[in-house]
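First the structure, in the form of structure tokens, and then the observations on it.
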Amino acid sequence: MQGRPLHRLGNGAYVSAAPLAFVHIAAQETSMIALLELGYELCGSYQTRRTGTSSAYQVEPLSSIHALADFATRNPSLRGATKAAKTLRYLADNSASPRETKKAILLGLPMMYGGYGLGIPRMNYEVKANPAARALTGKSCFRCDLCWPEAKLDVEYQSRESHSGEEKRIEDSRRTNALASMGWTVVSVTNDELDSLVATDAIADRIRKHLGKRSQVRVANYHSRKLKLRRQLGLPIGYD
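Numbered per this note's numbering, the sequence shown spans residues 256 to 495.
Written out as structure tokens, the structure reads:
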């Protein structure tokens with residue numbers, strides 16, 4: 256095999272590196288969505304039982320899209336390499352949580368897979384603050400959860416844990432105003448909204464209009480495909 260498929264643990268013991276493990280799992284996994292979620296986790300700053308540990312956040316990524324793609328390209332004869340390579344077109348580096356991953360997959364996947372067809376965003380993308388924004392917030396840069404840089408669009412996941420309390424609300428407001436002063440649009444998505452099909456539809460429509468994308472549906476049974484994707488992601492399919 257080309258590249259560095261194994262990590263040496265010592266005493267003659269080795270373990271598969273993330274790119275090799277991803278290809279091996281791709282050969283066995285029947286669900287593209289499950290494989291995508293694994294890919295986001297490997298390339299993100301969080302870990303779950305999916306990668307063999309208890310939940311952890313703000314950790315170093317186990318891999319990157321570049322590393323996964325390079326290994327699959329250099330080892331095309333490996334079972335699962337072609338499938339892994341095809342999946343990578345819908346991955347993004349730097350997801351910070353499973354919920355961010357689910358949101359990126361929902362919004363970004365093509366409609367044929369039940370997504371909203373908005374294109375895979377950049378995740379936790381760094382935007383440098385201009386002098387006015389720096390004066391307003393005291394920050395030199397802002398990290399955008401889901402970002403379409405060319406459209407100056409930041410979609411923020413407002414989790415209950417990280418966005419509670421008056422002090423945090425003030426900080427979020429200053430951040431939003433600072434980005435707005437730089438020509439950016441900030442769209443917030445709460446935990447409850449992500450769990451609601453109707454709310455997610457409305458948010459996706461707003462993003463679509465901002466991106467200048469057509470809303471015409473060109474795939475059969477699109478509603479059924481949306482419901483299937485939500486089920487695969489473990490999200491409710493109710494209309495509340």
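Built from N, CA and C at the ideal position, the CB exists for glycine as well. These numbers were taken from a predicted model, which means no experiment stands behind them.
Query                                                                                                           : Result
8 Å Cβ cutoff met for ALA351 and TYR312                                                                         : yes
Buried versus exposed, by CB contacts within 10 Å (16 or more), ARG304                                          : exposed
Nearest-angstrom Cβ-Cβ length linking MET378 and ASP348, presumed shorter than 8 Å                              : 7 Å
N-terminal and C-terminal residue of the alpha helix (DSSP H) that ASN229 is part of                            : Outside the shown range of the chain (256 to 495) lies residue 229, about which nothing can therefore be said.
Any beta strand (DSSP E) of 3 or more consecutive residues that is wholly inside the region 394-436             : 396-403 and 408-413
Exposure of GLN283, with buried meaning 16 or more beta-carbon neighbours within 10 Å                           : exposed
Three-state secondary structure (DSSP) of VAL453                                                                : helix
C-beta atoms of GLU448 and ILE462 nearer than 8 Å                                                               : no
Same chain, Cβ closer than 6 Å to ALA253, neighbours up to 5 away in sequence not counted                       : No answer is possible for residue 253: the residues shown for the chain start at 256 and end at 495.
Closest by C-alpha distance to VAL314, when choosing among LEU323, ILE320, ALA475 and GLY299                    : GLY299
In chain order, each alpha helix (DSSP H) run of at least 4 residues that lies wholly inside the region 348-396 : 353-363 and 386-392
Own chain, CB closer than 8 Å to ARG473, minus 5 neighbours either side, in chain order                         : MET366
Anticipated Cβ contact below 8 Å, LEU364 with TYR345, distance rounded                                          : 6 Å
Cβ-based burial, CYS396 [other Cβ within 10 Å; buried from 16]                                                  : exposed
Classification of THR356 by the beta-carbon crowding that lies within 10 angstroms, buried from 16 upward       : buried
SER479, buried or exposed, once every other Cβ within 10 Å from all chains shown has been counted against 16    : exposed
Cβ-based neighbour list, GLY369, same chain, cut-off 6 Å, excluding 5 preceding and 5 following                 : ARG480, LYS481, LYS483 and LEU484
Neighbour-count burial assignment, VAL442, 16 or more Cβ in a 10 Å radius                                       : exposed
C-beta contact flag for ALA324 and ALA336 at 8 Å                                                                : no
ALA276 classed as buried or exposed, judged by whether at least 16 other C-beta atoms fall within 10 angstroms  : buried
Beta carbon of PRO404 nearer than 8 Å to that of TYR371                                                         : no
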